[in-house]
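The sequence shown lines up with residues 12 to 105 when you count with our numbering.
Every residue gets a Cβ at the ideal spot worked out from N, C-alpha and C, and that includes glycine.
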Amino acid sequence: MNKSDLIARIAEKHQISQKKAESIVSLFFTRMASTLEQDGRVEIRGFGAFMVKEYPGYTGRNPKTGENIQVYPKRLPIWRTGTDLKNRVDMVPS
């Protein structure tokens with residue numbers, strides 16, 4: 012499923028226009044991104060959580076030239092899957 016599919020399903024299920032569904036989905040993702048930008052955590056119970064992890068800088072090596080290079084510190088979003096979602100995905104068909 013991609014963003015367009017999600018918008019279409021929300022519009023169909025709740026009998027609203029595509030434009031209204033698109034604004035809801037966009038609002039959700041915009042708020043998630045802005046919360047993560049401010050070092051916040053986004054948790055959706057039963058689904059999972061997004062958070063920001065900080066990585067320190069280090070001296071690396073360019074594999075092509077062998078030259079040492081400085082890799083700068085960075086912050087990246089990470090995802091932790093919730094237990095309920097793990098269990099749903101891991102269900103063995105009977």
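query                                                                                                     : result
Start-to-end residues for the alpha helix (DSSP H) that takes in MET43                                    : 29 to 48
Contact set for GLU65: own chain, Cβ-Cβ below 8 Å, skip 5 residues either direction                       : PRO84, LYS85, ARG86
First through last residue of the alpha helix (DSSP H) which encompasses THR94                            : 94 to 100
Inter-stretch contact (C-beta, 8 Å, three-pair minimum) for the stretch 51 to 65 and the stretch 16 to 32 : no
Local conformation of LYS85 per DSSP, three classes                                                       : strand
Element boundaries [beta strand (DSSP E), containing LYS64]                                               : 59 to 66
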